[in-house]
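Position in the sequence shown (from 1) plus 417 gives the number in our numbering.
Glycine is no exception: its CB is placed at the ideal position from the N, C-alpha and C atoms.
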Amino acid sequence: MCRTFLERLVRDIPPPEGDPEGPLQALIIDSWFDNYLGVVSLIRIKNGTLRKGDKVKVMSTGQTYNADRLGIFTPKQVDRTELKCGEVGWLVCAIKDIHGAPVGDTLTLARNPAEKALPGFKKVKPQVYAGLFPVSSDDYEAFRDALGKLSLNDASLFYEPESSSALGFGFRCGFLGLLHMEIIQERLEREYDLDLITTAPTVVYEVETTSREVIYVDSPSKLPAVNNIYELREPIAECHMLLPQAYLGNVITLCVEKRGVQTNMVLPR
């Protein structure tokens, strides 16, 4: 069965398109930080060939690095001497700056660079914001480094410095939702041994001022004076839920508690 499935994949799925003789274009599809190797990038070769020892350039920054190691996953990490057009593999360039090879960027050869970068990824917009502060002010630098490492392979995580008279220095972070926020906080505490205080989550509010100017704020502290606000709006999601009938009552109760408005319900025949 497995062999038949694999043979059908080869027969029915077209091979990757690209020019093996063209200038190198490699898309960074994921990155993570290794304490010994630095930034490890997962790349897909769109055009050209990447060989061990080549000098590569990050197209968004112009920075050049040496391709010290590269290879594929089998699923074990296996070293190779080159990655060809259409292949997916890993690359180590001894990059110590966690933002040196951002996800969605394009790598090319320094000696024969490509004219254009690959389209990359559409950046995801955060939906929920919260302030995260270390319990001990001595952990601020470690907290900042941890956020940087997490953001390497989670492009949806947004963070910027924030200070509070009560909580000290921390970061205002943007998440895809409450579950994403809980996962990030748990990873920071478990993987980086940090004790954190999290403020109440908020969303991005659309504010129309009395002068009819529309502004967007992600924190109540950034709201204009009350007498300057004409209308205040918050995001609304239209959701279609499919669930077992046994959980119907609990789900309706949860939606009502979260200010949800039921517009329709269809029961199975």
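Just so you know, the alpha carbons of residue 604 and residue 448 end up roughly 17 Å apart.
In this structure, residue 475 lies near residue 522, with their beta-carbon atoms less than 9 Å apart. Every unbroken stretch of the alpha helix (DSSP H) spanning 4 or more residues and falling wholly within the region 536-580 is given here in chain order: 557-569. Pairing residue 511 with residue 441 gives a Cβ-Cβ distance that is not under 9 Å. For residue 666, the uninterrupted alpha helix (DSSP H) segment begins and ends at 665-674. Within the DSSP bridge table, the entry for residue 457 names 449, 509 as partners. Check the Cα spacing between residue 537 and each of 652, 549, 518, 553: the tightest is with 518. Cβ atoms of residue 587 and residue 545 stay farther apart than 8 Å, at about 16 Å. Separation of residue 616 and residue 626 (C-alpha to C-alpha, rounded to the nearest whole angstrom) is 27 Å. C-alpha of residue 561 to C-alpha of residue 459: approximately 24 Å in a straight line. Annotated three-state conformation of residue 419 is helix, per DSSP. In this structure, residue 484 sits near residue 473, with a CB-CB distance shorter than 9 Å. Distance between residue 501 and residue 467, taken at the CA atoms: about 7 Å. For residue 489, no alpha helix (DSSP H) run applies; the uninterrupted beta strand (DSSP E) run containing it begins and ends at 486-490, by DSSP. C-alpha of residue 653 to C-alpha of residue 621: approximately 11 Å in a straight line. The Cβ atoms of residue 573 and residue 548 lie no closer than 9 Å to each other. Taken through DSSP and simplified to helix, strand or coil, residue 603 comes out as helix. With respect to residue 601, residue 520 sits apart: the two C-beta atoms are not nearer than 9 Å. Residue 471 carries a coil assignment under DSSP once its states are collapsed to helix, strand and coil. Distances from the alpha-carbon of residue 516 to those of 563, 489, 556 put 563 closest.
Residue 494: member of the beta strand (DSSP E) spanning 494-497, first to last residue. With 16 or more other CB atoms across the displayed protein chains lying within 10 angstroms of its CB, residue 592 is buried. Rounded to the nearest angstrom, the Cβ distance from residue 619 to residue 641 is 16 Å, too far for a contact under 8 Å.
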